[in-house]
Every structure is written in C-alpha cells, then in structure tokens.
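Notes to accompany the following structure.
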Amino acid sequence: MSDPIPPPLTPDQIALIEISFARVLRSKAELAGRVYERFFDLEPDVRPLFGDDLSQQRAKIMRALSFTVRAMSSDEDLARMADGLARSHRKFYLQPGQLEHMAEAILSAFGDCLGAAFTPAMQDSWQAAFGRFLPMIAAAQRRLEEGV
Numbered sequence: 078m079s080d081p082i083p084p085p086l087t088p089d090q091i092a093l094i095e096i097s098f099a100r101v102l103r104s105k106a107e108l109a110g111r112v113y114e115r116f117f118d119l120e121p122d123v124r125p126l127f128g129d130d131l132s133q134q135r136a137k138i139m140r141a142l143s144f145t146v147r148a149m150s151s152d153e154d155l156a157r158m159a160d161g162l163a164r165s166h167r168k169f170y171l172q173p174g175q176l177e178h179m180a181e182a183i184l185s186a187f188g189d190c191l192g193a194a195f196t197p198a199m200q201d202s203w204q205a206a207f208g209r210f211l212p213m214i215a216a217a218q219r220r221l222e223e224g225v
C-alpha cells in the first residue's frame, strides 16, 4: 500500500517557491555547496559515494531544483521528475530518511543563503512541496523495485 500524496500546492505556495528560487540563483554555487555540506552532516555514511570533486554534483542539484520548481504546478511533470530521480538514484539504494535529509539540507541552505528574505511562508511552501514530492519519489522507487 502506498502513502497518500498530499494535495497540490496552491498558486500562492508555488509563487513563493518560484520567488525564493529566483532570489537564490544569484548565489547558486553557495546554495549547492551548503546543500551538500548539510546533507553530509545529516548522512555522513553517504559522503564516500560522492568523491572529492563535487562540482558536477552541485550543478546536478541546481538543475534538479530548477526542473522541480518548474514542475510544481503540474502533477504530470512532477511525477515525471520523481520517476527520473528514482531511476537516476536507483544504484544508490536511497532510503526515505535520506530523501528527507536532502529536503532538510535544501531548506537549510535556502535559509543560509537568503537569510531573513527566506520568509516563514516561503519555508512552509517548500516544506509542502517536499511533502508532496518525496512520496512521489518513494512511489517511483517502489515501482522500479517491483519491476512495474
């Protein structure tokens, strides 16, 4: 049985996500670096999987965030993103807790980079987005495991 996926985001939530993402793009290298710093603090056992040069990985996280932000208003696009992420990360056997820690790391990095400009409403919107998106990724991972 799969976990229920929360309802779609409201237009206001999507707008706040888009605004915060646009603001952080000025410091995207810092954001990406902080995401992985925080993620490795939360998940030290995965650090060896990434090698010493994280430049490509930082670019990947920014692309993934960009695509995800653009997909927020379309369940079809969001599900496609979830499927793609599940396929590309299949070899790492990601656990739900690791996905949650990545979401936490992203939120923390936004807060670090935007400071007070990352309002509570923006943070709540991102949390709602992750609350909707992470179950989609988990469902896509289950389908891959079951060969569906």
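Under our numbering, think of the first position of the sequence shown as 78, with each following residue one higher. Here a beta-carbon is modelled for each residue, glycine too, at the ideal position from N, C-alpha and C. The model shown is predicted, which means the values in this text are computed figures rather than measured ones.
- Task: Specify whether the region 172-191 and the region 88-96 touch according to this definition: at least 3 beta carbon pairs, one from each stretch, less than 8 Å apart.
- Result: At 8 Å Cβ cutoff, the stretches do not touch.
- Task: Indicate whether Arg-135 and Ala-163 have their beta-carbon atoms separated by less than 8 Å.
- Result: The residue labelled residue 135 in the question sits at position 58 within the sequence shown. The residue labelled residue 163 in the question sits at position 86 within the sequence shown. The answer is no: Cβ separation not under 8 Å.
- Message: Leu-211 and Leu-155 - do their beta-carbons sit closer together than 8 Å?
- Response: As a working note, residue 155 is residue 78 in the sequence shown. As a working note, residue 211 is residue 134 in the sequence shown. It is not a contact, given that the beta carbons lie outside the stated cut-off.
- Item | Residue from Arg-115, Val-123 and Lys-105 with nearest C-alpha to Arg-140 | For the purposes of this step, residue 140 is taken as the residue at position 63 of the sequence shown. For the residues Arg-115, Val-123 and Lys-105, the minimum Cα distance to Arg-140 belongs to Lys-105.
- Tell me which same chain residues have a C-beta within less than 6 Å of the C-beta of Val-112, skipping the five on either side of it? Sequence index remark: in the sequence shown, residue 112 carries index 35 (1-based). These residues qualify, in order along the chain: Ile-138, Ala-182, Ile-183 and Ala-186.
- Tell whether a beta-carbon distance below 8 Å holds between Gly-229 and Pro-83. Absent from the model: residue 229. The displayed extent of the chain is 78 to 225, so no value can be given.
- Task: Indicate whether Ala-159 and Ile-214 have their beta-carbon atoms separated by less than 8 Å.
- Result: For this step, residue 159 is matched to residue 82 along the sequence shown. For this step, residue 214 is matched to residue 137 along the sequence shown. Cβ distance < 8 Å, so Ala-159 and Ile-214 count as in contact.
- Message: Closest to Leu-102 by C-alpha separation, out of Cys-190, Thr-196 and Ala-205, would be which residue?
- Response: Taking the first residue of the sequence shown as 1, we reach residue 102 at position 25. Per the Cα distances, Cys-190.
- Item | Counted within 10 angstroms of its Cβ, other Cβ atoms place Leu-126 as buried (16 or more) or exposed | By 1-based counting over the sequence shown, the position of residue 126 is 49. Counting Cβ neighbours within 10 Å, Leu-126 comes out exposed, since fewer than 16 surround it.
- Could you tell me whether the Cβ atoms of Pro-88 and Asp-152 are closer together than 8 Å? As a working mapping, residue 88 is identified with position 11 in the sequence shown. As a working mapping, residue 152 is identified with position 75 in the sequence shown. Taking 8 Å as the cut-off, the Cβ atoms of Pro-88 and Asp-152 do not count as close.
- Message: Quick check: what's the CA-CA separation for Arg-220 versus Met-149?
- Response: Within the sequence shown, the letter at position 143 stands for residue 220. Within the sequence shown, the letter at position 72 stands for residue 149. If you take the alpha carbons of Arg-220 and Met-149, they lie about 22 Å apart.
- Message: With distance defined between alpha-carbon atoms, name the residue in Asp-129, Gln-172 and Gly-161 nearest to Glu-120.
- Response: By 1-based counting over the sequence shown, the position of residue 120 is 43. With distances taken between CA atoms, Glu-120 lies nearest to Gln-172 out of Asp-129, Gln-172 and Gly-161.
- Locate the alpha helix (DSSP H) running through Val-101, then write down its first and last residues. Position 24 of the sequence shown, counted from the start, is the residue given in the question as residue 101. Residues 88-101.
- Rounded to a whole number of angstroms, what is the C-alpha to C-alpha distance between Ala-194 and Val-146? In the sequence shown, residue 194 corresponds to position 117, counting from 1. In the sequence shown, residue 146 corresponds to position 69, counting from 1. C-alpha separation (whole angstroms): 18 Å.
- Task: Go ahead and label Gln-218 buried or exposed: buried means 16 or more other beta carbons lie within 10 angstroms of its beta carbon, across all protein chains shown.
- Result: Residue mapping note: residue 218 aligns to position 141 of the sequence shown, counting from 1. Around the CB of Gln-218, 16 or more other CB atoms lie within 10 Å, so the residue is classed as buried.
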